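All remarks here apply to the structure that follows.
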Amino acid sequence: MSISKISPELFQKLVGLAALELTDEESAYLLTEMNHQLSSVNALLQVPLDADIQPTLHGIQCQGSGPRADVWQPFPTPSEILAGAPETEAGMFAVPDVKGAK
Amino acid sequence: MSLNQLSALEVAAHVRAGELSAREVLEASLSQIRAVDGQPGRLDKQQLDPAEEQKVHAFIRLTEDLAHRQADEVDRKISAGEDPGILAGVPVSIKDIFTLQGVETTAASRILYNFKPPYTATPVQKLIEAGALILGKVNLDEFTFGSSSESSAFKPTPNNPWNTSHVPGGSSGGSTASVAAEEVALSLGTDTGGSIRQPAAFCGVVGLKPTYGRVSRYGLMAFSSSLDCPGPIARNISDAALMLQAIAGTDPKDSTSSVVPTSNYLEALKEGVKGLRVGLSPDYTHLFYPDFETGELSLESIQKEISESVLHAASVLADLGAEIVEKVPLPNTKYSIPTYFVVSRVEAASNLHRFDGVKYGYRTPVEVEDLQDLIRRTRAEGFGSEAKLRILMGMYLSSEGFAANYYQRALKVRAMIRRDFERAFDPHGEHRLDVVLTPTTATTAFKRNDVFGNTVRMQYSDQMTVSANHAGLPAVSVPGGLDADNLPIGIQFIGPDFREDLILRAGYAYEQATLDEAWRSVRPAILRQEVAK
Amino acid sequence: MKDYEVVIGLETHIQLNTQTKIFCSCKADSWEAAPNTNICPVCSGMPGVLPVLNSAAIHKGALLAAAMHAEVNPVSYFDRKNYFYPDLPKGYQITQFDEPIGKGGYLDLHMPDGAIRRVRIHKLHLEEDAGKTKLDHGLRLVDFNRCGVPLVEMVTEPDLRSGEEAAQYLIQLRQLLRWIGVSEADMERGHLRCDANVSIRERGSQVLNTKTEIKNVNSIDAVRQAIIEESKRQIELVESGGKVVSYTLDWDADTGKLSMMRSKETEADYRYFREPDLLPVVLTEEEIARIKAELPELPPERKARFEMEYGLSAYDAEILTEDRGLSDYFETAVASFGGEAKIVSNWMMNDLSRLMNDLGKTASELALTPAFLAQIIRMVEDGKITAATGKSLLRKVEESRREPAQIVEAEGLAVIADSDALREQIQSVLAASTAEVESFRAGKESLLGWFVGQVMRATGGKADPKRTREILLELLRQK
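Chains as they are written, first to last, in my numbering: chain A, 14 to 115; chain B, 562 to 1094; chain C, 21 to 499.
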């Protein structure tokens, strides 16, 4: 039985999608571990699924309190949220511009 | 007996009765922490002398001032004749994955090293309102990713109080270690695949994963949203029941939290186990470990002393009048780790998208060209290996372009795991169980650095626990003995939806019936040492 | 040159006018607020927070779906759409991917030439808005005030065929949104945003060719213009042997020019999956029925009914059904008046409309109620007051909030109907204008108008013009 593996090229694509940057050493280690984990995941593809089985999101049937009323409740200290930012300017979160944006 | 050795129930009773002050209890707890904990976990590399290496290192940050204010408030309420709460004066540690307003909450990650949340997590708030004293934040695997607490960016990582060369388990290793080392009476942990129960088993304490939605997740920095459960860690069942009482209940801030009413968990303990149907399953006697080349699952035996403990527990319960039901099939157990790899990583990758250096936490100090550069560098420098691995795995497994529809398939297999339990618990079914009894883990606590780095082997230490997460069911690990090396063994009870009362009952009956067993008089190595107080 | 057909689909984002955001209790409308003051841990994407669904967002979303003739899904789900962008604090948007609140639906466009084009709806779903960013000296600044506002995204099939049709679609959609009360739909405030997908093909072909997407069209005119420009560009391109490439284009309203933004070749992989922090949205049959029952008579139906029932012209009916408040006002006024609807419509479309414009008020904001208007009109029709008086009463009632009849009484505005009193007034005027009387009697009968004016002045406008003329003639022609 052969199992799917992630190629180094695909790995690099995933690194880009994940907004990460890795050293060669890290890449080698992580790729190896990912393929080892895939060997475990592979079992899922072999499981004969019961014909009537539906995907479950939480295991149990959640009984929540349902949607809330449309009533304004301001957060008492929005300034505390801004205060945690690495950089702000004129009350706004400041970052370098997006590459190639308008 | 010193005050820090009292159970939570005892502390609360004495404090409420005015026989003990919260301040006294706090001082005893702090004293013990100073004696056994050693350096708190820190980002910068610390050189430790051999004596330090033998300490517990459960804490990342002590919150002494806060605890003093809380103790004073409890004592004031007592004098004023006001109700101080059911956990009055009880010292508690909080896994550093829960937000506490104005106090650094790090998730044991560099990427949140300086994050001070503007709000407090609901379960923490409930503990505070119940009169508990928050001693501080304890260490964990980074973002709860792991089963040994070794992946924390804050070093040194926690050691097992029973043998400090061994891991306490994870990801709630700091929680279980701080309780086992008698630094605090209770700890608030989280369990996504076994992160309360496995370290509880490794550290010889009680660890309860409630039903999904029983305890609010608001303020719990998410790993896998459909699996995460906050829960209590304690030195005995009654304490776990008491803590569950304080933190359980619906929360309007958490849409998945349940409106099913809570019950009186302490009262339920007294009901005993006569007629209780306890199931044993042949699917919990082995690990199903994959071959890395072929992917074939093959059986690996579990540690013999552990199997024996489970059987012993069954016979103790039988003597108390429980009905032991053998050979209960739970055939999809072998797919629980593969399913977990898919579901948890997909959700984790998404949950970690928000850490980008824009709004809070760490931002790379390096000069960057543009925003994409900022984000990449921040995440590269801020996240540890395990976090990066989970993110990459999650992206791969949920990607339309690259992968077979793993995620949808995994949700179906998850439903099949759930169905196994529904059949076992079905009151009109063949087995009609009240609880299932299994080992908590396949081995006792492994040595530091023995498994860390082998992520598959590490994940498989959760094989016995993770099915309960998939099915959303409550499960508790209870101390069940010691192995030949004096390392703790845990046995696990799994129950039906919202029947925490049943599993606590079974655990309590077993606990009380085995109080005189020899292993119970052995204490963790760190407590057997002569430590300057 | 070949005969080309332009094929257009519109994607609109509609900001719902709920009190609060979709997943937290911050305000939905923060147009005036200073940056990052209308935020909380949930909408600013802090670690550990969880979304809680706003029931009003569901309600309004379902109402809109029903108004678009879509099927309201009894069970719908929220999903995560994952990508990195500074205005998206969680790094994912909570939206609805494959089981949204509405399925199918259409809007029948009533074109000015009388034709009706049915525009089918491809997708109708709820989602949360992102924050706002702006560029400032090389830094991108982010404001989360708007983050989490409830949006309905509506995507049409490529059923539109011109910039004009697209403009009509937006005009009608805007009217509908305001009509059923789910959105203020003010395009300048971003309540209604539009992207246009444009492609061309030879007329008669059924094929859908490569399309471009035009973004940043912030007004109805801009949509019309941009589509016209882009279809011209595509036709020219194809005619000269080129191929249309799938680009995103930006419309500059000031210069009237399109510019390339980015190639759409590489579609992002959003890795959609069910939002695990939210439960399925369940609407019972009863609830759906109640929502449908809430739907008022919609503008096209009402316009047709106004033409039929009240005999209004198509033009008048259109004006009077532009705004729901105005058309409700009209109907109430007609019922109150009890006479010919056309009289009421004339008053409303002229003098009342002028007053509303002067005061900057909508019909529903007026203190001058439909009943009051009807009263004024009735008094004029019955000859109790002159038309001029009636017109002045509009403002007087609006400002004083008093009943028209009361004001007439208090200020003595009633027409002098009593012939004797009138005759006395007229005789005084004649007595004071002997020169003019002589001129009239000498043959200058055009002076009659002047005499009428004098009588009006003397009576403060309260003389009945007809009666005045009669008496004047009688007296003047006497010798």
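Even glycine gets a Cβ: it sits at the ideal position worked out from N, Cα and C. Being a predicted model, the structure only gives us computed values, none of them experimental.
Do you know how far the Cα of residue j is from the Cα of residue i?
i	j	result
residue 35/C	residue 213/C	9 Å
residue 493/C	residue 422/C	38 Å
residue 1064/B	residue 798/B	10 Å
residue 427/C	residue 466/C	35 Å
residue 593/B	residue 1057/B	38 Å
residue 33/C	residue 146/C	10 Å
residue 158/C	residue 39/C	35 Å
residue 1094/B	residue 611/B	Because residue 1094/B sits at a pLDDT of 43, beneath the cut-off of 50, its placement in the model cannot be relied upon, and the following sentence gives the value as read from the coordinates. Straight-line Cα distance between these residues: approximately 19 Å.
residue 926/B	residue 675/B	14 Å
residue 1012/B	residue 1019/B	6 Å
residue 182/C	residue 52/A	55 Å
residue 120/C	residue 747/B	45 Å
residue 137/C	residue 180/C	8 Å
residue 1097/B	residue 846/B	Any property of residue 1097/B remains undetermined from this structure, which presents chain B solely from 562 to 1094.
residue 102/A	residue 161/C	7 Å
Reducing DSSP to helix, strand and coil, say where residue i ends up.
i	result
residue 1036/B	strand
residue 35/C	strand
residue 873/B	helix
residue 239/C	coil
residue 671/B	helix
residue 354/C	helix
residue 29/A	helix
residue 138/C	strand
residue 49/A	helix
residue 276/C	coil
residue 314/C	helix
residue 1014/B	coil
residue 1041/B	strand
residue 360/C	coil
residue 881/B	coil
residue 109/A	strand
If the cut is a Cβ gap below 7 Å, which residues of chain B does residue i touch?
i	result
residue 112/C	911, 914
residue 299/C	816, 817
residue 76/A	819, 820, 821
residue 98/A	920, 921
Give the residues of chain C in contact with residue i, contact being defined as C-beta atoms less than 8 Å apart.
i	result
residue 111/A	105, 106, 160
For residue i, return the contacting residues in chain B, with the cut-off set at a CB-CB distance below 8 Å.
i	result
residue 47/A	950, 953, 954, 957
residue 45/C	Chain B residues near residue 45/C: none, gap ~10 Å exceeds 8 Å.
First and last residue of the alpha helix (DSSP H) that includes residue i?
i	result
residue 71/A	Taken as a continuous stretch (DSSP letters only), residue 71/A belongs to no alpha helix (DSSP H), as it is neither H nor E.
residue 899/B	897-912
residue 103/C	Premise fails: residue 103/C is in no alpha helix (DSSP H) and is neither H nor E.
residue 126/C	Segment 126-130 is the beta strand (DSSP E) holding residue 126/C; no alpha helix (DSSP H) there.
residue 177/C	Premise fails: residue 177/C is in no alpha helix (DSSP H) and is neither H nor E.
residue 644/B	Residue 644/B -> no alpha helix (DSSP H), and no H or E assigned at all.
residue 590/B	583-597
For the beta strand (DSSP E) holding residue i, just list the boundary residues, first then last.
i	result
residue 850/B	847-851
residue 795/B	790-795
residue 216/C	212-222
residue 1052/B	1049-1055
What does residue i reach in chain C if we use C-beta pairs closer than 9 Å?
i	result
residue 29/A	None at all; the shortest Cβ gap to chain C is about 11 Å.
Starting from the beta carbon of residue i, find every residue of chain A whose beta carbon is closer than 9 Å, and list them in chain order.
i	result
residue 969/B	68
Could you list which residues in chain A have their beta carbon closer than 8 Å to that of residue i, in chain order?
i	result
residue 903/B	54, 57
residue 929/B	109
Starting from residue i, find everything on chain F with Cβ-Cβ shorter than 7 Å and list it in chain order.
i	result
residue 919/B	This model lacks chain F altogether, as its protein chains are A, B and C.
To the nearest whole angstrom, what separates the beta carbons of residue i and residue j, a pair I think is in contact under 8 Å?
i	j	result
residue 54/A	residue 933/B	Not quite, the Cβ-Cβ distance comes to about 30 Å (not below 8 Å), so this is no contact.
residue 749/B	residue 677/B	Actually they are not in contact, since the Cβ atoms of residue 749/B and residue 677/B sit about 19 Å apart, beyond 8 Å.
For residue i, which residues in chain B fall below 9 Å Cβ to Cβ?
i	result
residue 166/C	Near residue 166/C there are no residues of chain B at all, since even the closest Cβ is about 15 Å away, more than 9 Å.
Against residue i, what residues of chain A qualify as contacts under a CB-to-CB distance less than 7 Å, listed in chain order?
i	result
residue 1058/B	73
Find the residues of chain C that neighbour residue i, judging by a C-beta separation of less than 7 Å, and give them in chain order.
i	result
residue 86/A	45
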